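0 is the number of the first residue of the sequence shown in numbering that gives the first Met the number 0; add one for each residue after it.
Backbone N, C-alpha and C fix where the C-beta goes; we use that ideal spot for every residue, glycine too.
Computed from a prediction, not measured in an experiment: that's the story for all the values here.
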Amino acid sequence: MVSVASLSAGQVVEARQILVEIINPAAWWAEALTFDPALASQISAAVAQTLEGRTLPLRFLGMGFQRRSQGLPMQFQVTGDGQGLSAGQPVRILVQTRERLSGVALPRDAITRTDGGESQVWVQTVAERFAARPVRVQAVDGATVVALAGLQPGERVVTVGASLLAQVR
């Protein structure tokens, strides 16, 4: 599949000038920048999340050592169905490390934002009563986060419709 064509009839070209870029749509790669050189040795799994919310499994291929924008490039291969992807399409890459986290696993949809941009969850205090709790979260994968602080054991967290509660004042 031709990705870029930089030529026209009668064009004068020089040696080593790139005229056509050809890609294989069955073998997509994704690239991300990391600012932690030790991260490469800790990766156990990775996923890419498209802007539409589609999650694609990735396989870590390796890391470059020449910095770009103060970060080191990491390359991944899309191992799932890459149907519908396009070259240069932005994705969010989430890596799973071997490090264990202690906290409460929650779906990403349970997290809402305060007016100040801080993360919060809604907790059911009594029947039909809810209270906002500020939390510190870390992403685990494309659909899950871990609340590292801000929740007490046994609290019931709203996981569906939390954004609707955030709209009510």
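Residues sharing a beta bridge with residue i, DSSP
i	result
T111	Q119
A104	V145
E20	V3
Q88	Paired residue(s): none; Q88 is not in a bridge.
Q74	E30 and G61
R169	This structure cannot speak to residue 169, because the chain is shown only from 0 to 168.
Where residue i falls: helix, strand or coil (DSSP)
i	result
Q10	coil
L93	strand
S43	strand
L32	strand
L50	coil
A37	helix
L166	First, the amino acid is wrong: residue 166 is Gln here, not Leu. Residue state, collapsed to three classes: helix.
A161	helix
R15	coil
V139	coil
R128	strand
V156	strand
L55	strand
Closest Cα partner of residue i within the set the options
i	options	result
F129	E154, G115 and A142	E154
R97	L38, Q137 and V19	L38
L50	I17, I110 and S85	S85
A29	Q123, S162, A161 and G81	G81
V159	A138, A126, G149 and V120	V120
Q88	A31, V11 and Q151	A31
V77	D114, V139, A26 and R132	A26
T143	F34, Q41, V46 and S68	V46
L100	S68, A138, L93 and R91	A138
P152	A104, R53, R58 and L163	A104
P24	M0, S7 and S40	M0
Own chain partners of residue i with C-beta closer than 7 Å, once the 5 adjacent residues on each side are dropped
i	result
G102	V145, A146 and L147
R66	none
P36	L71
Cβ-based neighbour list, residue i, same chain, cut-off 6 Å, excluding 5 preceding and 5 following
i	result
S118	I110, V134 and V136
G116	none
Cutoff 8 Å; reference residue i; Cβ partners in own chain excluding five residues on either side
i	result
S2	E20, I21, I22 and A86
G63	L71, P72, M73 and Q74
F34	Q69, G70 and L71
Contact belief for residue i with residue j at Cβ below 8 Å, rounded distance in angstroms
i	j	result
L55	G83	No, L55 and G83 are not in contact; Cβ-Cβ is about 10 Å, not under 8 Å.
A18	V12	According to the sequence displayed, residue 18 carries Leu and not Ala. Their Cβ separation, rounded to whole angstroms, is 6 Å, which keeps L18 and V12 in contact under 8 Å.
D108	A161	6 Å
R132	V122	5 Å
L164	V157	6 Å
Q48	V90	6 Å
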